[in-house]
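Enquirer:
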Amino acid sequence: GGDATAGMFPGPMRGAETKGRVGPYPEGDALFGARAEQVAFALFVVVLAVSLGFMVHPWFEPVRDASIYISTARSLLAGDGYSYLGVPFTTRPPGFPLLIAPVIALFGTSFSALNLYVSLLGAVAAVLFFLWMRPRLGWPPALATSLLLWFNPGFRRLSNEIMSDVPGLAAVLACLLLE
Numbered sequence: 027g028g029d030a031t032a033g034m035f036p037g038p039m040r041g042a043e044t045k046g047r048v049g050p051y052p053e054g055d056a057l058f059g060a061r062a063e064q065v066a067f068a069l070f071v072v073v074l075a076v077s078l079g080f081m082v083h084p085w086f087e088p089v090r091d092a093s094i095y096i097s098t099a100r101s102l103l104a105g106d107g108y109s110y111l112g113v114p115f116t117t118r119p120p121g122f123p124l125l126i127a128p129v130i131a132l133f134g135t136s137f138s139a140l141n142l143y144v145s146l147l148g149a150v151a152a153v154l155f156f157l158w159m160r161p162r163l164g165w166p167p168a169l170a171t172s173l174l175l176w177f178n179p180g181f182r183r184l185s186n187e188i189m190s191d192v193p194g195l196a197a198v199l200a201c202l203l204l205e
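For the sequence shown, our numbering begins at 27 and goes up steadily by one.
#1: Note down the Cα distance separating D91 from V129, rounded to an integer number of angstroms.
#2: Where do the ends of the alpha helix (DSSP H) carrying E87 lie?
#3: Find out if the Cβ-Cβ distance for the pair M81, R183 is shorter than 8 Å.
#4: Under 6 Å Cβ to Cβ from W85, same chain only, skipping five residues before and after it: list those, please.
#5: Out of curiosity, what's the CA-to-CA distance linking F156 and G112?
#6: If you drop the 5 nearest sequence neighbours on each side, which residues of the same chain put their C-beta closer than 6 Å to that of L142?
#7: Mind reading off the beta-carbon distance from Y108 to L102? Whole number of angstroms is fine, and I expect it under 8 Å.
#8: Suppose you measure from the CA of A139 to the CA of F133; what does that come to, to the nearest Å?
#9: Should T98 go down as buried or exposed, given a rule of 16 or more other Cβ atoms within 10 Å for buried?
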C-alpha cells in the first residue's frame, strides 16, 4: 500500500503538505511566495500588452476561411443575415463572424484592427492558460509555459490571422477554468 507518489516528489513538491494550497510550492518559500507570484504575473501581463505593439501586423493573411468570416460579418452588419455572396451560409455557425462584427462596425475592414483583436484574444488565452496550469504545476512552470505559448511562432502566426482558432482556444480555456 501507501501513496503511489511517495518518493517521486520530495517534501513540498508533493502538494499535499502545502497547507491546503494547490500547486507544488509552499506558501512560506521566499523565492516562490505569494508576493513574487503577484509581481511575476503583473510583469507577464505587461509583457503581453507591450509585445502586442510589435507582434501584430497590419496586413491580411489570405488563409483558409478568413475572407469568408469577414464577408459574413459584413453581411450581418448590413442586415442581410448570415449570408455569403447573397446566399444563406450554412457551412458553420456564425460565432466568429459575430465576434469580429463589432470591430468591422467600428473600424471597417481594417486588418490592423482585426489582427489586434485576434491577438488580444490570444493574450487572454495565454493568461487563461497560466491560470489553468498554475494549480497543476505551480506558478513558475505555468508562467514559463504560458510565455512559451505566447512567443511560439505558430501561435504568433495564428494570432495574426482572422480565424477562429485563437479565440476558440481562449473560449476552451475559459470553460476549463469553470470546472
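A virtual CB, placed ideally from N, CA and C, is assigned to each residue, including glycine.
Expert: With the structure as the only source:
#1: Within the sequence shown, numbered from 1, the residue matching residue 91 stands at position 65. Within the sequence shown, numbered from 1, the residue matching residue 129 stands at position 103. Computed Cα separation, rounded: 18 Å.
#2: As a first step, residue 87 must be located in the sequence shown, where it is residue number 61. Counting along the chain, E87 falls outside any alpha helix (DSSP H), and DSSP gives it neither H nor E.
#3: Here residue 81 corresponds to residue number 55 of the sequence shown, with the count starting at 1. Here residue 183 corresponds to residue number 157 of the sequence shown, with the count starting at 1. No.
#4: Your numbering for residue 85 matches position 59 in the sequence shown. Cβ within range, chain order: F137.
#5: As a working note, residue 156 is residue 130 in the sequence shown. As a working note, residue 112 is residue 86 in the sequence shown. When rounded, the distance between both Cα atoms is 43 Å.
#6: What you label residue 142 is simply residue 116 of the sequence shown in a count that begins at 1. Here the set comprises V82.
#7: Stepping through the sequence shown from its first residue, residue 108 is reached at position 82. Stepping through the sequence shown from its first residue, residue 102 is reached at position 76. 6 Å between Cβ atoms; contact.
#8: Here residue 139 refers to the residue found at position 113 when the sequence shown is read from its first residue. Here residue 133 refers to the residue found at position 107 when the sequence shown is read from its first residue. Rounded to whole angstroms, A139 to F133 spans 7 Å at the Cα level.
#9: Along the sequence shown, read from residue 1 onward, the residue named residue 98 stands at position 72. Buried, because 16 or more other Cβ atoms sit within 10 Å of the Cβ of T98.
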